[in-house]
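J.:
2 protein chains.
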Amino acid sequence: MSSPAVIPRMKSEDRRELVLTAATAVFGQNGYVGTTTDQVAKAAGVSQPYVVRMFGTKQALFLEVLERALAALLATFRSELARSGTEPLKVRLGTAYAALSVDQTGLLLCLMHAFVLGGDREIGPVARRGFLEVNDFLIDEAGFTQDEATQFLAYGMLMNTLVGIHMQNELGSNPRAQELMFCAFPDTPETDFPK
Amino acid sequence: MSSPAVIPRMKSEDRRELVLTAATAVFGQNGYVGTTTDQVAKAAGVSQPYVVRMFGTKQALFLEVLERALAALLATFRSELARSGTEPLKVRLGTAYAALSVDQTGLLLCLMHAFVLGGDREIGPVARRGFLEVNDFLIDEAGFTQDEATQFLAYGMLMNTLVGIHMQNELGSNPRAQELMFCAFPDTPETDFPK
DNA sequence: GTCTATAGGATGATAGAC
DNA sequence: GTCTATCATCCTATAGAC
Numbered sequence: 001m002s003s004p005a006v007i008p009r010m011k012s013e014d015r016r017e018l019v020l021t022a023a024t025a026v027f028g029q030n031g032y033v034g035t036t037t038d039q040v041a042k043a044a045g046v047s048q049p050y051v052v053r054m055f056g057t058k059q060a061l062f063l064e065v066l067e068r069a070l071a072a073l074l075a076t077f078r079s080e081l082a083r084s085g086t087e088p089l090k091v092r093l094g095t096a097y098a099a100l101s102v103d104q105t106g107l108l109l110c111l112m113h114a115f116v117l118g119g120d121r122e123i124g125p126v127a128r129r130g131f132l133e134v135n136d137f138l139i140d141e142a143g144f145t146q147d148e149a150t151q152f153l154a155y156g157m158l159m160n161t162l163v164g165i166h167m168q169n170e171l172g173s174n175p176r177a178q179e180l181m182f183c184a185f186p187d188t189p190e191t192d193f194p195k
Numbered sequence: 001m002s003s004p005a006v007i008p009r010m011k012s013e014d015r016r017e018l019v020l021t022a023a024t025a026v027f028g029q030n031g032y033v034g035t036t037t038d039q040v041a042k043a044a045g046v047s048q049p050y051v052v053r054m055f056g057t058k059q060a061l062f063l064e065v066l067e068r069a070l071a072a073l074l075a076t077f078r079s080e081l082a083r084s085g086t087e088p089l090k091v092r093l094g095t096a097y098a099a100l101s102v103d104q105t106g107l108l109l110c111l112m113h114a115f116v117l118g119g120d121r122e123i124g125p126v127a128r129r130g131f132l133e134v135n136d137f138l139i140d141e142a143g144f145t146q147d148e149a150t151q152f153l154a155y156g157m158l159m160n161t162l163v164g165i166h167m168q169n170e171l172g173s174n175p176r177a178q179e180l181m182f183c184a185f186p187d188t189p190e191t192d193f194p195k
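Protein chains in written order, with the working numbering: chain D, 1 to 195; chain X, 1 to 195.
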């Protein structure tokens, strides 16, 4: 039998997960165009050509990151929906979203970056479908009216924006920024924001 | 005296305006990183090196676009504030924002693209200051509470997102998308959306 | 004031070894 | 399964003519 190589190996699936996780973080930070496959490779600890080899193209990688981000968001919502809680569903889902928003994964930021690329021939349709899927969830599964869903989405987009703009950098110096953040993330302690 | 050149010439200021307007549209469509100085040049009808020559760097051009977009937004708000109207100020400012949102200029989309680049060393601080300036306006000049300002900003970010994602593409085929758009843009007729 | 030509530096993707 | 080497493309920015 052949001896294990000196260089660490993994099963395809595991390495894929690793790269996808790294890619989510990097894409979330720098956006689709702003991210290089080399950055992703370095973050995942593999070589740049290997990243391309695994996913075919940078675009295909991003699309897979998007699909997974959307799936993770919906899974989080459904898990919260299945739980029993004293607070109204709106609040509970909002809190769940806020938690995803401030975690380090870059999940929601990737979605946000996709949302402003509606003009892209391949990414645009996926982004729109994803957005509408969340809207559908809120109405069909969570029982929101369209008005409620719209408001929920609005606050979600604000949270995404505040995290994307790194507003937490101003928390120390600007009292107005502090009030705004407290208002947009009612039950998220300052210490939960990255960096 | 020297005869006028064959190639059309303009005063520096006029050409600057022209390029800045073109740049706003292109940056709004493709984002900061996704835009090439050549695209801007073509849109403005000048050569690529001339665009760089005028503004020094692509980044400097984008920053100037940002400053102008922010100034235009605040000017629109202040103009609406100065006007007398029967509807509540919240609604009037919202309508003004929606109008800016769907016009062809790309103004608000440029801001949105900047908002998700908070990690950028030069663009990040400008984006944060711009966002907070709008928040300040809403509180100090329009008389909103922080809660009201936050809600206003939330719906603004949703409008930006819906335009950026090109949700109007789904208006014909998807009734849910239609309801969502109608809910987010209450008094904007379908025909006002681009394309 | 504006252009053409081009240098110089990434970056996505391919080829092929191990 | 994973790497090294490398190509080809694109893009910002500079040089210099008109």
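Ideal Cβ positions, reconstructed from N, Cα and C, are used throughout, including at glycine.
On a predicted model such as this, the values are computed, not experimentally measured, just so you know.
Taking Cβ-Cβ distances shorter than 7 Å, what residues in chain D pair up with ARG176 of chain X?
T.: As a position in the second sequence, residue 176 of chain X is number 176, starting the count at 1. Result: LEU132, ASN135 and ASP136.
J.: Report the rounded CA-to-CA distance for VAL102 of chain D versus ASN135 of chain X, giving the unit in angstroms.
T.: Here the question's residue 102 of chain D lines up with position 102 in the first sequence. Here the question's residue 135 of chain X lines up with position 135 in the second sequence. Each residue's Cα considered, the two are about 21 Å apart.
J.: Using only the alpha-carbon positions, how far apart do GLU141 of chain X and ALA75 of chain X sit?
T.: Counting from one through the second sequence, the residue named residue 141 of chain X turns up at place 141. Counting from one through the second sequence, the residue named residue 75 of chain X turns up at place 75. Roughly 12 Å between the two C-alpha positions.
J.: Is it the case that the Cβ atoms of THR37 of chain X and GLN48 of chain X are separated by a distance below 8 Å?
T.: The sequence position of residue 37 of chain X within the second sequence is 37, counting from 1. The sequence position of residue 48 of chain X within the second sequence is 48, counting from 1. Going by C-beta atoms, THR37 of chain X is nearer than 8 Å to GLN48 of chain X.
J.: Who are the near neighbours of GLY143 of chain D in its chain, counting only those whose CB is closer than 8 Å to its CB and skipping five residues on each side?
T.: Sequence index remark: in the first sequence, residue 143 of chain D carries index 143 (1-based). The residues are LEU89.
J.: The region 56-84 of chain X: which residues have C-beta closer than 9 Å to a C-beta of chain D, in chain order?
T.: If the cut-off is 9 Å between Cβ atoms, the region 56-84 of chain X has nothing near chain D.
J.: For the pair the region 122-139 of chain X and the region 182-195 of chain X, tell me if three or more CB-CB distances fall below 8 Å.
T.: No contact exists between the region 122-139 of chain X and the region 182-195 of chain X.
J.: Among D:ALA22, D:ARG128, D:ALA154 and D:GLY28, whose alpha-carbon lies nearest the alpha-carbon of LYS42 of chain D?
T.: One-based indexing of the first sequence puts residue 42 of chain D at position 42. It is D:ALA22 whose Cα lies nearest to the Cα of LYS42 of chain D.
J.: How far does the alpha helix (DSSP H) with GLU80 of chain D in it reach, from first residue to last?
T.: Here residue 80 of chain D is taken as the residue at index 80 of the first sequence, counted from 1. 58-82 is the extent of the alpha helix (DSSP H) around GLU80 of chain D.
J.: For the candidate residues D:GLU190, D:THR161 and D:GLY156, whose alpha-carbon lies nearest to that of LEU171 of chain D?
T.: If you number the first sequence from 1, residue 171 of chain D lands on position 171. Checking every option, the nearest Cα to that of LEU171 of chain D belongs to D:GLU190.
J.: Where does MET10 of chain D land, buried or exposed, given buried means 16+ other C-beta within 10 angstroms?
T.: On the first sequence, residue 10 of chain D is found 10 positions in, with the first residue counted as 1. It is exposed - the Cβ of MET10 of chain D has fewer than 16 other Cβ atoms within 10 Å.
J.: For GLU179 of chain X and GLY164 of chain X, I'd like the C-alpha separation in whole angstroms.
T.: As a working mapping, residue 179 of chain X is identified with position 179 in the second sequence. As a working mapping, residue 164 of chain X is identified with position 164 in the second sequence. Roughly 18 Å between the two C-alpha positions.
J.: Ends of the alpha helix (DSSP H) at HIS113 of chain D?
T.: Along the first sequence, read from residue 1 onward, the residue named residue 113 of chain D stands at position 113. Taken as a continuous stretch (DSSP letters only), the alpha helix (DSSP H) holding HIS113 of chain D covers 107-115.
J.: Measuring straight from C-alpha to C-alpha, what distance separates LEU93 of chain D and ASP147 of chain X?
T.: For this step, residue 93 of chain D is matched to residue 93 along the first sequence. For this step, residue 147 of chain X is matched to residue 147 along the second sequence. Distance between the alpha carbons of LEU93 of chain D and ASP147 of chain X is about 19 Å.
J.: So which residues on chain X does ALA22 of chain D lean against when the C-beta distance must stay under 9 Å?
T.: Residue numbering aside, residue 22 of chain D sits at position 22 when the first sequence is read from its first letter. Per Cβ cutoff of 9 Å: no residues; ALA22 of chain D is ~16 Å from chain X at best.
J.: Just checking: is the beta-carbon of GLU17 of chain D within a distance shorter than 8 Å of some beta-carbon in chain X?
T.: By one-based count along the first sequence, residue 17 of chain D stands at place 17. So, not an interface residue.
J.: Expressed to the nearest angstrom, what Euclidean distance is found between the alpha-carbon atoms of SER2 of chain X and PRO125 of chain X?
T.: Residue numbering aside, residue 2 of chain X sits at position 2 when the second sequence is read from its first letter. Residue numbering aside, residue 125 of chain X sits at position 125 when the second sequence is read from its first letter. Caution is warranted here: a pLDDT of 40 is assigned to SER2 of chain X, below 50, making its placement in the model unreliable, and the coordinate value is therefore given only provisionally. Those two C-alpha atoms are separated by around 47 Å.
J.: With a CB to CB cut of under 6 Å and the five nearest residues on each side skipped, what residues in its chain are close to LEU108 of chain X?
T.: If you number the second sequence from 1, residue 108 of chain X lands on position 108. Around LEU108 of chain X: LEU100, SER101 and ASN160.
J.: Using the beta-carbon count (16 or more within 10 Å), is THR145 of chain D buried or exposed?
T.: Sequence index remark: in the first sequence, residue 145 of chain D carries index 145 (1-based). Classification for THR145 of chain D: exposed.
J.: Drop a sphere of 10 angstroms on the beta-carbon of GLY45 of chain X, count the other beta-carbons inside from all chains shown, and report buried for 16 or more, exposed for fewer.
T.: As a working note, residue 45 of chain X is residue 45 in the second sequence. GLY45 of chain X comes out exposed.
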